[in-house]
Every structure is written in structure tokens, then in C-alpha cells.
Amino acid sequence: MKKYLPFIILALLFLVPLVGLNSYIMHILILVLIYSLIGMGWNLLGGFCGQVSFGHAAFFGVGAYTAGILYTKLGWSTWWGLLLSLPVVLVFSLVIGFICLRLRGPYFALATLAMGEVFRVTAENLVTWTGGDMGILLRERTWVSKIWYYYIILLLAVGAFLSIKKVMGSKWGYYFVSIREDQDAAESLGIPTTTYKILALCLSGTLTGLAGAFYMNYMGYIDPKVVFNLHDISIVTIMVVMVGGVATYWGPLIGALIMVLLAELIRSNPGLGAAHQTLFGVLLIFIIIFLPNGIVGDFRKIVKLFRPGRAR
Amino acid sequence: MVQLELFLQTLIAGILLGGLYALIGMGMTLIMGVMKIINLAHGELMMVAMYIAFWLFTLFHIDPYLSVFVAMPALFFLGIALQKFLINPVMKVDSILPENQVILTVGIGMVLANLATLFFTSNYRSTPVAYATKAFYLTDFWKNAPIELSLSAAWSLSFLIAVLITILLWFFLSHTDLGKSIRATAQDSDAALLMGVNVSRMRAVTFGIGCALVGAAGCLFLPIYYLFPSLGGQFTLIAFVITILGGLGSTVGAIIGGVLLGVFESMTATYLGMGWAPVGRFLIFIAALVFLPGGVASLLREQKFGK
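Residue numbers (the working numbering), protein chains in the order written: chain A, 1 to 312; chain B, 1001 to 1307.
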């Protein structure tokens, strides 16, 4: 049963839009998949390789702006952005990695935080390219119906899932984990840690950039405050992975599901809407203290907690 | 001549700003040195102190400079409480990611910023003190001065108080038992424990002192700046850039780094435009990482060993 579970989930995800759900639910599903794609990217770098990044909004925004600028400056379809965001984000990842990966642990985390903010400020100030705070508006979205968008992001997410699984099963994956567990020991065993950390960052960045380019296509509007947002992108990404489970394959999907539903629930309640960051913050603190490895990672702990008729 | 005047004026503004930045950076560097974690709620704690000073001014007409005496102890105890009840338990939890404490401080910062928005609305506030517009001019003191420079009264007062607090901190760290224990814990917590230092108490006290310092900086910023709930993030970043610039865990480095950053920032603001100041901040950060990974502190250390 356990062997077939991924296929069952996949089949369900493919069949879901055929039921004829209304566009609000489709929107939620698309958001879940976008966030799980970013989460998977973050998880590769933060979970498996141990380099916690607070600046994934930088990659997301660069991906989105690649698509957007191609559209406004060259008049190309934003779908080209999906393809071209890969090399662009790769170059940015290399530069960011070269600078920030000189730092370790929490210092790297803060450096990426600063990086994300700088990208936002730069995008706000480079008015000739990005349109500044006016943002970029797609005059006509490709499809009105959400079904095609859903299938595209689903394909991207499944592709990301499979490639992460592939990478983590290969030599690279073991190198990443060894860097997380003890960088000095890994270095002394002859693993070029800096190279592999940069590789992890590039993979992670391109996945996040893809999500950004898709976001441009789907939403049809971006501005620096939306796509380079520290709280709504960078920190929510961390929460998605923390809630779902750090260094697990299914964690980002579960985390994205929970976080997006929770965000919608809070937002739809007028009394709670203003306090959504407090609630997110409290949830984050709660998760870190009681379930440090997330729902998937600490699943046994949760099961044990609810198992009936047994003293803990 | 006008160019020179502009340059000198920018330099003065930068140094005055740098004095305050140094205070923020020192709080962060102390916490970093002793607890080995980065406090990402640093700016938000400063925002809390600013609100304390703001309400003291609005309700009781207490001068923001005097509320330093209220905000510093308040932040000290807030810091100790945060350390005891949130950060300490997480340090013991076993998890895959070692950076859990850092992510935890992000959570604390989010809660603080959002609560401030809920309770005090996100309006921009300021304290209209009488001396805010006063300034000293060079021509007042020197009649035939070839250039004209001005010095805002509030800025200079803030700077002087910041310097005073820095001197007091230096005295505390180098001449009292408690200060020496803190420095011992920062150097090697295991050895300090063996020498009879109560390391866990030192950690709590240091977190409190770090918060108190940034609280004082908040009070000093209030007369010359405006206040809104989400201002914390940018000051957390500033504190971090200062600590990288100055060298991780070095107090003297933090002072120098703060002044350097202040000068650099006011230069970018004057010659490139206000909007670019954060980018300038980051450029200096990258330059420090690439060319001077140990920060200013490593230069100081080389000097010492050279002699």
C-alpha cells in the first residue's frame, strides 16, 4: 500500500480539476502547488543541505521579473519567462552563492535575508526596467479558466519532486546531507563543500525562480512589494517547510496545504485578518518548540500522542 | 566650496547617525558573542522601546531622552523573559536544523511587529519636542568662517548620550565581575563554567543587556526619526551589517562598524539619492565579506600581534 501511495496521490491531483470545482478552490489548489514548489526548492538547500535561507523571495522575484521584463521590453509571451528564468536565476544564484556561502549557519541566513531586501529595493529603484512600484501588468492572461494553469504548475511541482528525489538518491544528495551534519568533517573527507553548497543553492534557486515565473503568468501582475516580500514569500516558505517537515520529501506539500488553508481561513475572518502575522508567528514558535521536525518528520510523535489507551 | 560644505555636512550627519548605529550593533554583537545565536527580533525590540518612549511622551509628557531610564530596564526584563521562556527551551530541543533559534527569533519579531500594528495602528508617529528644529551653526561660533555647517541639537544630544552609554558599557564589561563573567562566557563557555561562572544566568543577562542597549537606541532615535510598527526589520538588517563589518562578536568592532556604516549611508543618501541607501548598506556588507571577512576586528587584532 505504502509503495503505491505516491501514485494514488498523483492520480488524485491530476483528476481533481475534472470534478468541476469552482474557481476559488482551483485558485487555492494552485497556490498550494506554488508554495509547495518554492518549499521544495527551499527544502533542498535548507533541509537537506542545512543552509537556512531567509531570502528565497530574491529568487522568486528574479524569476517573476524575468518573465515580466521579457513581456514589457521585448513583447514576448510571459511563458518564455518560464524557460528563460532558468538561466537568469542560475546566474543570480551563482553570484549570491559566491558571496553569501562564505558565511556559515545563522550568518548565512542573515546574509540571504539582506540579499532579499536588496533585491526588493533595487527593483523599486530601477524604474526604467522594472517599472518601480508601478509593477508589471499583464494585459491579457492566456486562459481565463484555471484548469490549464493548474496542470502546468502540477507538472512543474511533480517534476521538481522527482528531480529532488533523484538528486537526493545520488552522490550529490549524500554530499548535501554530510555538509548539513558536519561541514568540517565533510571537508576533511575530501568533499569540496563550497562547490556543493553552491550547487544546492543553484538547484534551490532555479526551482523557486520557476515558481516566480509561473506566478507572473498566473497572477498577471507583479510589483516589488509582492514578489520580493520578506514575510509573504521568504518567511512563509520557511514556515511551509518547518510545518510540513524539514528534510522530508512530502513535507513541503503538506506544509503548503496547511499554510495556504490557514492563511485563507485567517484572511476570510474579519476579526482575525489584521492579526494574521501574530498567529503565524505563534504557530512558528509552537512548531519549533514542540514539533521541531515538522508534521512529516515528527509523525510518529503525533501518532503516539493520539494513540488511545496507552500512557505516554 | 559648496562641494566641500556638502561633503563635510554629510560626514557630520553620518558620524552622528553612526553613533546611534553603534549602540544597536553592540547589542546584537553581545548577544551573538555569548549565545552564538543571531537575534532577528532585534529591530522589533527597538520598536517596542520606541513605543514605550512615545507613549510616555504623549501621556505624561516625559522627554524621550529621559524615558531611556524606563525603556532600558523594561527591555532588559523583556529580553530575560524571552530568553528564559522561549529561546532557552528551544536550545535543548533536538532537531535536524541547528538554526531553529534564529527562526524562532523571526517568529518573535513577527508577533511583536504585528501586535504593535494591532494595538497602536500602523500610523507614522513622532514626538514633537521643542528642540527638534534647533540647530547650532558654525557661524555662531566663528564669525568669518569660510563655510557654513550646521549641527542639529537633537541629533547631537542623541549622539552624546549614545557615546555615554557606550563608555558605561565598556566600563561594565571591563571593570566589573559580572562584565568579566560575560566576556569569559563569550570566549569559552565550557571553560567559564569550570571557573565557576553561572553560564546560563550569564546568557540570560547578556540577552537582557543586548535588548536594553537596543532599547536605549530606540529612545534616542525617537526625537529625530518617526515611528511605525514595521520599522524593526530594517534596523535588524543594519545591526547585522554592522556586526559583519565590525567583526563577529567584537564590541569595539561594532562601534567602528556603526560609524563606518553611518557615514557610508549618509554619503549614498546625499550623492545617489535616499532610495539607494539600503543598497549602499548592502554593498558595504558585500565588500566587507569579500575583502575583509573578519571585519574591522581582524585588522585591530593584527595590529596588536604585530607589536
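Cβ coordinates follow ideal geometry from the N, Cα and C atoms, glycine included.
Roughly how many angstroms lie between the CA atoms of residue i and residue j, to the nearest whole one?
| i | j | result |
| --- | --- | --- |
| valine 296 of chain A | valine 118 of chain A | 34 Å |
| phenylalanine 1057 of chain B | leucine 1220 of chain B | 13 Å |
| serine 1230 of chain B | phenylalanine 7 of chain A | 45 Å |
| lysine 1307 of chain B | serine 1298 of chain B | In this prediction, lysine 1307 of chain B has a pLDDT of 39, which is less than 50 and means its spatial position is unreliable; nothing more can be read from the coordinates. |
| threonine 1139 of chain B | alanine 1277 of chain B | 30 Å |
| phenylalanine 290 of chain A | leucine 45 of chain A | 23 Å |
| methionine 216 of chain A | valine 1111 of chain B | 30 Å |
| glycine 255 of chain A | leucine 1011 of chain B | 49 Å |
| methionine 242 of chain A | lysine 165 of chain A | 19 Å |
| phenylalanine 14 of chain A | leucine 155 of chain A | 9 Å |
| methionine 26 of chain A | leucine 1213 of chain B | 50 Å |
| arginine 312 of chain A | lysine 301 of chain A | Per-residue confidence for arginine 312 of chain A stands at a pLDDT of 46, beneath the threshold of 50, marking its modelled position as unreliable; the derived number appears in the next sentence. Rounded to the nearest angstrom, the two C-alpha atoms are 11 Å apart. |
| glutamate 205 of chain A | asparagine 229 of chain A | Reading off the sequence, residue 205 of chain A comes out as glycine, not glutamate. Glycine 205 of chain A and asparagine 229 of chain A: Cα-Cα distance of roughly 16 Å. |
| glycine 294 of chain A | glycine 244 of chain A | 5 Å |
| glycine 1014 of chain B | valine 1296 of chain B | 18 Å |
| valine 121 of chain A | valine 88 of chain A | 19 Å |
| alanine 1132 of chain B | proline 1223 of chain B | 7 Å |
| aspartate 232 of chain A | serine 1174 of chain B | 44 Å |
| valine 1197 of chain B | threonine 1185 of chain B | 8 Å |
| asparagine 1123 of chain B | leucine 83 of chain A | 43 Å |
| lysine 225 of chain A | leucine 283 of chain A | 24 Å |
| serine 1126 of chain B | tyrosine 1225 of chain B | 7 Å |
| valine 1259 of chain B | leucine 1004 of chain B | 20 Å |
| tryptophan 129 of chain A | leucine 137 of chain A | 13 Å |
| tyrosine 78 of chain A | tyrosine 151 of chain A | Strictly speaking, residue 78 of chain A in this sequence is threonine, with tyrosine absent from that position. Rounded to whole angstroms, threonine 78 of chain A to tyrosine 151 of chain A spans 17 Å at the Cα level. |
| tryptophan 80 of chain A | proline 106 of chain A | 36 Å |
| threonine 208 of chain A | serine 1158 of chain B | 44 Å |
| leucine 33 of chain A | isoleucine 1108 of chain B | 28 Å |
| arginine 1203 of chain B | isoleucine 1080 of chain B | 9 Å |
| leucine 5 of chain A | alanine 186 of chain A | 35 Å |
| glycine 1273 of chain B | methionine 1026 of chain B | 28 Å |
At which residues does the alpha helix (DSSP H) containing residue i begin and terminate?
| i | result |
| --- | --- |
| alanine 1135 of chain B | From DSSP, alanine 1135 of chain B is part of no alpha helix (DSSP H) but of the beta strand (DSSP E) over 1135-1137. |
| serine 85 of chain A | 79-100 |
| lysine 301 of chain A | 299-306 |
| glutamate 181 of chain A | 171-181 |
| phenylalanine 1207 of chain B | 1199-1221 |
| proline 6 of chain A | 5-15 |
| proline 192 of chain A | Per DSSP, proline 192 of chain A belongs to no alpha helix (DSSP H) and is neither H nor E. |
| glutamate 264 of chain A | 251-268 |
| glutamate 1005 of chain B | 1002-1035 |
| tyrosine 24 of chain A | 23-42 |
| threonine 313 of chain A | Coverage of chain A is limited to positions 1 through 312, which leaves residue 313 of chain A absent and any answer about it impossible. |
| serine 1181 of chain B | 1177-1187 |
| tryptophan 1055 of chain B | 1042-1060 |
Please identify the residue among the options whose C-alpha is closest to the C-alpha of residue i.
| i | options | result |
| --- | --- | --- |
| phenylalanine 108 of chain A | A/Leu10, A/Val177, A/Leu29, A/Cys49 | A/Cys49 |
| alanine 58 of chain A | A/Thr72, A/Tyr71, A/Ile38, A/Ser77 | A/Ile38 |
| tryptophan 1055 of chain B | B/Phe1077, B/Leu1164, B/Leu1004, B/Phe1120 | B/Phe1120 |
| methionine 168 of chain A | A/Ser188, A/Asn43, A/Tyr4, A/Ala263 | A/Asn43 |
| valine 1205 of chain B | B/Leu1004, B/Gln1009, B/Asn1088, B/Ile1284 | B/Asn1088 |
| glycine 1210 of chain B | B/Gly1179, B/Ser1189, B/Pro1223 | B/Gly1179 |
| aspartate 1190 of chain B | B/Glu1005, B/Val1199, B/Ile1244 | B/Val1199 |
| phenylalanine 1207 of chain B | B/Leu1082, B/Gly1232, B/Leu1261 | B/Leu1082 |
| serine 188 of chain A | A/Leu199, A/Tyr175, A/Ala200 | A/Tyr175 |
| proline 1073 of chain B | B/Lys1092, B/Ile1052, B/Asp1063 | B/Ile1052 |
| leucine 1075 of chain B | B/Met1274, B/Glu1005, B/Ala1049 | B/Ala1049 |
| isoleucine 9 of chain A | A/Leu261, A/Leu253, A/Pro292, A/Glu264 | A/Leu253 |
| glutamine 1009 of chain B | B/Arg1281, B/Met1267, B/Leu1289, B/Leu1300 | B/Met1267 |
| leucine 1104 of chain B | B/Ile1024, B/Ser1126, B/Asn1039 | B/Asn1039 |
| glutamate 1044 of chain B | B/Glu1265, B/Gly1215, B/Pro1293 | B/Gly1215 |
| valine 1241 of chain B | B/Leu1115, B/Ala1287, B/Thr1176, B/Leu1194 | B/Ala1287 |
| leucine 201 of chain A | A/Ser93, A/Trp129, A/Ile99, A/Glu181 | A/Ser93 |
| phenylalanine 299 of chain A | A/Met40, A/Ala11, A/Val246 | A/Val246 |
Taking the beta strand (DSSP E) that residue i falls in, what are its first and last residues?
| i | result |
| --- | --- |
| leucine 1151 of chain B | 1150-1152 |
Just list the residues that DSSP pairs residue i with in beta bridges.
| i | result |
| --- | --- |
| isoleucine 319 of chain A | The question about residue 319 of chain A has no answer, for chain A in this structure spans 1 to 312. |
| arginine 1125 of chain B | B/Leu1227 |
Kindly indicate if chain C contains any beta-carbon less than 7 Å away from that of residue i.
| i | result |
| --- | --- |
| valine 16 of chain A | Protein chains A and B are contained in the structure displayed, whereas chain C is not. |
query: Is the stretch 1088-1100 of chain B touching the stretch 1236-1246 of chain B, taking contact as three or more C-beta pairs under 8 Å?
result: Fewer than three pairs of CB atoms, one per stretch, sit closer than 8 Å, so the stretch 1088-1100 of chain B makes no contact with the stretch 1236-1246 of chain B.
query: Is it a yes or a no for the stretch 1024-1037 of chain B touching the stretch 1246-1254 of chain B, going by three-plus beta-carbon pairs under 8 Å?
result: Flag = yes, the stretch 1024-1037 of chain B and the stretch 1246-1254 of chain B touch.
- prompt: Does the stretch 228-242 of chain A touch the stretch 55-72 of chain A, meaning 3 or more C-beta pairs lie closer than 8 Å?
  reply: Three or more beta-carbon pairs drawn from the stretch 55-72 of chain A and the stretch 228-242 of chain A are found closer than 8 Å, and the two stretches are therefore classed as touching.
- prompt: Is the stretch 1144-1153 of chain B touching the stretch 1129-1136 of chain B, taking contact as three or more C-beta pairs under 8 Å?
  reply: When Cβ pairs closer than 8 Å are counted between the two stretches, the stretch 1144-1153 of chain B is seen to touch the stretch 1129-1136 of chain B, the count reaching three or more.
message: Counting beta carbon pairs with one atom in the stretch 218-229 of chain A and one in the stretch 135-142 of chain A, are three or more of them shorter than 8 Å?
response: Yes, the stretch 135-142 of chain A touches the stretch 218-229 of chain A.
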